[in-house]
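J.: From first to last, the protein sequence lines are chains A and B. Note that full-length UniProt numbering has the first sequence beginning at 1, numbered continuously upward. Note that full-length UniProt numbering has the second sequence beginning at 1, numbered continuously upward. C-beta: ideal position from N, C-alpha, C; glycine also. Model, not experiment: these values are computed from the prediction.
There are 2 protein chains.
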Amino acid sequence: MTNINDIARLAGVSVSTVSRVLNNYKYVASNKRESVLKVIEEMNYTPNKNAIDLIRGETRTIGVIIPYNNNPSFDQLLNGILTKALEDDFLITVLPSKYSKEKEMEYLEKLKSKLFDGIIITSRANDWETIIPYSNYGSIVSCEYTEHTEIGCSYIDRYSSFLNAFQLLKNKGHRAAAFTTARLESNSTKQMLDAYNQIFGELPPGYHISDCQCLEDGYEAAKQFLQLPERPTAIYANGDEVAGGMYLYAKSQQMKVPADLVIIGQENQPVGIGLGLTTVDHQLTKVGEQACSLVIKKSRKKVKIPYRILERDSV
Amino acid sequence: MTNINDIARLAGVSVSTVSRVLNNYKYVASNKRESVLKVIEEMNYTPNKNAIDLIRGETRTIGVIIPYNNNPSFDQLLNGILTKALEDDFLITVLPSKYSKEKEMEYLEKLKSKLFDGIIITSRANDWETIIPYSNYGSIVSCEYTEHTEIGCSYIDRYSSFLNAFQLLKNKGHRAAAFTTARLESNSTKQMLDAYNQIFGELPPGYHISDCQCLEDGYEAAKQFLQLPERPTAIYANGDEVAGGMYLYAKSQQMKVPADLVIIGQENQPVGIGLGLTTVDHQLTKVGEQACSLVIKKSRKKVKIPYRILERDSV
DNA sequence: CCTTGACTTGAAATGCATTTCATAAATTAG
DNA sequence: CTAATTTATGAAATGCATTTCAAGTCAAGG
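1. Anyone know if the C-beta pair for G152/A and R300/A falls short of 8 Å?
2. Could you give the uninterrupted runs of the beta strand (DSSP E) lying entirely in the region 186–240 of chain B, keeping only those of 3 residues or more?
3. Give a yes or no on whether the C-beta atoms belonging to K223/B and K49/A are separated by under 8 Å.
4. Could you please tell me which residues of the region 79–94 of chain B, in chain order, have their CB closer than 8 Å to any CB of chain A?
5. Count the C-beta pairs between the region 89–104 of chain A and the region 250–263 of chain A that are closer than 8 Å, then say yes if the count reaches three, no if not.
6. Using CA coordinates, which residue listed in A165/A, T149/A, C143/A is at the minimum distance from I156/A?
7. If we cut at 8 Å on Cβ distances, does D117/A have a partner in chain B?
8. May I ask you to report which of helix, strand or coil DSSP gives P258/B?
9. Chain A partners of E241/B, CB-CB under 7 Å?
10. Under a CB-based cut-off of 8 Å, is A182/A close to chain B?
11. In chain order, which alpha helix (DSSP H) runs of at least 4 residues are fully inside the region 58–141 of chain A?
12. Rounded to a whole number of angstroms, what is the C-alpha to C-alpha distance between Q283/B and R183/B?
13. Can you list the residues of chain A that S113/B reaches, using a CB-CB cut of under 7 Å?
14. Do K286/B and I305/B have their C-beta atoms closer together than 8 Å?
15. Assign C292/B to one of three DSSP states: helix, strand, or coil.
16. Using 8 Å as the limit for Cβ to Cβ distance, is K256/A near chain B?
17. Just to confirm before moving on: does the CB-CB distance between Y107/A and I119/A stay below 8 Å?
18. Going by DSSP in three states, V13/A sits in which element: helix, strand or coil?
19. Taking the C-alpha atoms as reference points, what is the distance between K172/A and L248/A?
20. What separation, rounded to the nearest whole angstrom, lies between the Cα atoms of S139/A and T146/A?
21. Can you pull the chain B neighbours of G109/A, defined as C-beta to C-beta under 8 Å?
22. Once the 5 residues before and after T122/B are set aside, which same chain residues still bring their CB inside 7 Å of it?
23. Would you give the residue range spanned by the beta strand (DSSP E) that I305/A belongs to?
24. Would the beta-carbon of D240/B fall within 8 Å of that of G265/B?
25. Look at the Cβ atom of I7/A, then the Cβ atom of I40/A, and state whether they are nearer than 8 Å.
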């Protein structure tokens, strides 16, 4: 491979001058600039990006930790992040964690090793205490709210959105509701339980199923809910695909939505539009865009993204 | 920042020895190894990955060119790629192109500049002639078939799948079918037109609408199709989300699927499962996995991934 | 005519870790 | 008890481009 020294030699100038040409520095005699460019062209030379990143100490690359790479919510976040990164000429490296603490640390180590200028954590397995020291090595932005001042946040007030959704159900005359969540130990699940308690009081046994991700999970969850002795009249699903599965199960039992069963979904996904499901749209694409914007600006601001409830025909 | 020289000095050894410890080289006296590790611990040292990549000449990072980052088909491909990359400890950088030739070249230049060990092209804007020279700088794998021996391929025989889908419709008694595609100038569209011609002969005017991506596009397409003087009895949609939109439009017109209108979708997406749409599943996740596997192995093989038709209730 | 500021250029230092080469000591084999 | 390995270590070269520093030229201003 030809490098900057070869170019300098062949063009009869110093490497400094070649570097100046490469970086469009003003003060280079035009004849020298010409001949350098000519040699670059002839030798088909491209500067080595690793050398540049090494000396500049930055890579214009952002790492994005996502637990699952086949999950529509994280796809929405990633979509927003990519859009913003493209605008500002940053690269995005996707870091799937499967909620493994070790994998997560491995990725944070890569921030420390100068591979990324910053990291966006869409969801995490480790404690903040473990993560925060790494904010010394690059900007870290979270898609979940945290008090810690070292971490920028682009977040949703989920507690409030859950409160609103449950209130909507209560207003329609339901005295309880079943619901699904993703990970049992997540912050989001905690907020869900709190919001439920706030609106409906005690949760009837069997009214909460966790680890739901996809349409099939929703189908199974609905089956379980509807086999309970006190079957729920309303269900909140943590995603429209999950809600879609519930809808299908209800249909298979000759139940009508919303007459026999009310379903409310989340994230405004295509299947929800298709089935006319009412949904709580947390606008994850916007959350992603904002997160990316914060990490690029090395900002530690806390930015709340508004959610909205899209009422369709399932409530 | 502390570097390998600092560690060497503080541990009273040479940088070579520190490097040996770092890379678990066998022949290091255990007492020296201990003291090096101790200093590394104390100084909270992490080697600079850019320096390592520079000298090793490889990054264990693969770039993935995708035209759209909010498209379910490309999400499926990416999903497969990420799964395989995680297994083999490679990183994935997502490179959105929007089918811009310039952006694409920019990304290929990054391969040349040693930022990536290889590139996966899920779909392209440039000619192969323009792309191929870059295969000298790293392995390039395409998710579309090409004769060029420089390029590895993990591909689907779309012509065959379209042939099969149209034959299915013909067998059910349809004498023509309308269909949607993504980009008009894509290879896939060409194959579609050829397959149509093979099965049904000449395409009735207005029976092909391009640039369809999402549910809303499908809704609009169905509207246009069903307003034609000779309205089609069957439609092939380039994606289940598009098909979902068609389904919705048909419903809005009090039409029954499949009695009044037959719809066949593509890629086995959640909305299709939800609506019970028959679909041509090209198994894009597998295509992605295979593509990633090829690029990691620097293989130029041509691997055909089998498709399958999932018959549900819309045909 | 001298000073000042705008140009122009190259040598050398810098960023950081790996790897080759040379050397030497300690074992093992014959 | 040699010869051949194995073990152990450091100096120096290597990968590559940027940036600072020093120094020189040239033209304009006073």
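T.: Reading off the structure:
1. yes
2. 234–236
3. no
4. N79, L82, T83, L86, L91, I92, T93, V94
5. no
6. C143/A
7. no
8. coil
9. P270
10. no
11. 72–87, 101–112, 128–131
12. 20 Å
13. T46, P47, N48, K49
14. yes
15. helix
16. no
17. yes
18. coil
19. 23 Å
20. 15 Å
21. It should be noted that the sequence gives Glu, not Gly, for residue 109/A. Ordered by position in chain B, the residues that pass the 8 Å Cβ test against E109/A are T46.
22. V64, I65, I66, F74, L77, C143
23. 302–305
24. yes
25. yes
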